[in-house]
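**Q** Got a structure for you, written out below as structure tokens; questions coming shortly.
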Amino acid sequence: MTSSNQPASSHRRLVLWLTWIYCLSWAFDFRGSEQGGSAFQLLSFVVTAGTGVLMALVGWRVLFRRPLGWLILLWSVFLASSAVVAVAQHVAPGNYLRTIIPWALVLTSMIACQVAAGFGITLRQVLLPMLIACAINVVWRAFYALVIAGISPEMVRVEMLSQCLPLLMALLMCGLFLQRTWPVWPVILGGLGIASYVFSITRSAIFIIGAAGAGVAIAILVSRRIAKPEPGFAAAKIRHLATGLSILAATFVIIGVATPFVFERWYERVFNPVGGEYTSLDPSTLTRLAETEAFVEILDGDPLNYAFGMGIGHNYYWDERYAVELAYTYGNVDIFRADFREIWFPGHAIWTYAVFSGGFFSLTCHVLFFVLAVGISLRAGKAAVRSGAAPWHLAWLPFCGNLAFISASLTFNPFIERAAGLVLGFIVALPQFLMRDTVKVSAAKKRLAQVLAVPILQREEGLPA
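Residue 315 in numbering that gives the first Met the number 0 sits at position 316 of the sequence shown; the count goes up by one each step and never skips.
In structure tokens form, the structure reads like this:
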């Protein structure tokens, strides 16, 4: 064993424990009623961030190993630039620090996974605590919204939605279509996520599940070209899919009987949203237009604003021209004006808020980050399948997870909540484990081929065995 590998061996158990602490530290995160969260959420963030920093100190030598090292560097530059812009634009320090947390957790998750991969932790060992945390959070969010916060089941919506759901939808799709055996845990965890979507009347779930499914379709096409599936694989997957759809149908029947108001709310949400009969567009669309046009009005104050933005946490408002129409949704014009004149939470969309807060430099960082994340996960999936370093459903989980998370940004800004950044960083970092294992498997195969080739060469050259 070389000296460079000794630290990884001696501290591997510590890194594994820190990985568990890091993953479970956010399990009881929830969406509070106030901007910035509660003391409990602050404590949770301190534990998460502290664990990430400790892992960085333990494994600083492996932090910038490729390919994930490029994303860690890019995101570090973005975070540093956001702090400079916030100071230059006189953003209230408290607003900046509370708003930047999800973006910062993207970095700590990548660091945690990078260190874990560098110290020999396996992909399954990292997935286990994260999926446990996901299951806890889905149940906890529903319990908090319905019981502790006291929101009526007929009114609850995004308050009960966990930010790990894109990961669980990717896990479900990969399990149903790519896992060789019956996907017990993907179906259980994915079913939990679908139940959350159905109960909260979340229309964007269609995009998220569709994106994960599209990722699986791409994965199947690519995998069949570079590796031959096991005999009977297609027949087994048809049976698994049929069973999964049967379970889903039975779940819908049970929900329909136990809580018939859920389907009534779906009908209203899709065909007759609150205030929809009095507005020119869907109220959700109008809120995004009011926000976006206000962003443009504020940025127009100085051309340099489009280059570097107003700073994360900067105050903004919703355009007054939409007040009359949106008053039907929010109660009356006075409520609209009172609630939406001094806003500093990170908007309804990653992309428009990126321009508002950091200009086109920030937008470029975000686009480049997601493009690189998808590209690296695609490359890692192909390499893992080709080498046999991971089964298909694990090889393609990061790729499908990235697509699912990106699709969520079309209708919602996940960075409104802390857990979103943590889960995104985790998804983005998973290919590092696949690439590491691919290199190991490829090297082992090469050494084996060399060993098997020696006697043949000796016989050909007339050398003694």
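Think of the CB as a built atom: it goes at the ideal place given N, C-alpha and C, for glycine as much as any other residue.
Once DSSP output is grouped into helix, strand and coil, what is the label at ALA200?
**A** What sits at residue 200 in the sequence shown is Ile, not Ala. Three-state DSSP puts ILE200 in coil, outside helix and strand.
**Q** Of the choices HIS392, ILE349 and MET434, whose alpha-carbon is the least far from that of GLU416?
**A** ILE349
**Q** Using three-state DSSP, classify ILE311 as helix, strand or coil.
**A** coil
**Q** Nearest to LEU106 by alpha carbon, out of LEU127, VAL90, VAL76 and PRO92?
**A** VAL76
**Q** What residue range does the alpha helix (DSSP H) around CYS133 cover?
**A** 122-142
**Q** Could you tell me if TYR266 is buried or exposed, where buried requires 16 or more neighbouring beta carbons within 10 angstroms of its beta carbon?
**A** exposed
**Q** Among all the DSSP beta bridges, which residues are the ones paired with ILE342?
**A** TYR315
**Q** What is the rounded straight-line gap between the Cα of GLN40 and the Cα of PHE369?
**A** 27 angstroms
**Q** If you run the structure through DSSP and keep just helix, strand and coil, what is ASN412?
**A** coil
**Q** When the Cα atoms are used, what is the spatial distance from VAL138 to VAL261?
**A** 18 angstroms
**Q** Express the C-alpha separation of PHE398 and VAL422 in angstroms, rounding to a whole number.
**A** 14 angstroms
**Q** Taking 8 angstroms as the threshold (C-beta atoms), are MET109 and ALA382 in contact?
**A** no
**Q** Is the region 109-120 touching the region 56-73 in the sense that three or more CB pairs, one from each, lie closer than 8 angstroms?
**A** yes
**Q** Are the beta-carbon atoms belonging to GLY174 and LEU402 less than 8 angstroms from one another?
**A** no
**Q** Roughly how many angstroms lie between the CA atoms of LEU447 and ARG378, to the nearest whole one?
**A** Their Cα atoms are separated by approximately 25 angstroms.
**Q** Do ILE311 and TYR21 have their C-beta atoms closer together than 8 angstroms?
**A** No. Outside cutoff.
**Q** Do you know whose CA, among HIS347, ILE219 and ARG238, lies nearest PRO390's CA?
**A** ILE219
**Q** Buried or exposed: where does THR201 fall if 16 or more other Cβ atoms within 10 Å of its Cβ makes it buried?
**A** buried
**Q** Just the Cα atoms here: how many angstroms apart are LEU13 and ARG60?
**A** The C-alpha of LEU13 lies about 16 angstroms from the C-alpha of ARG60.
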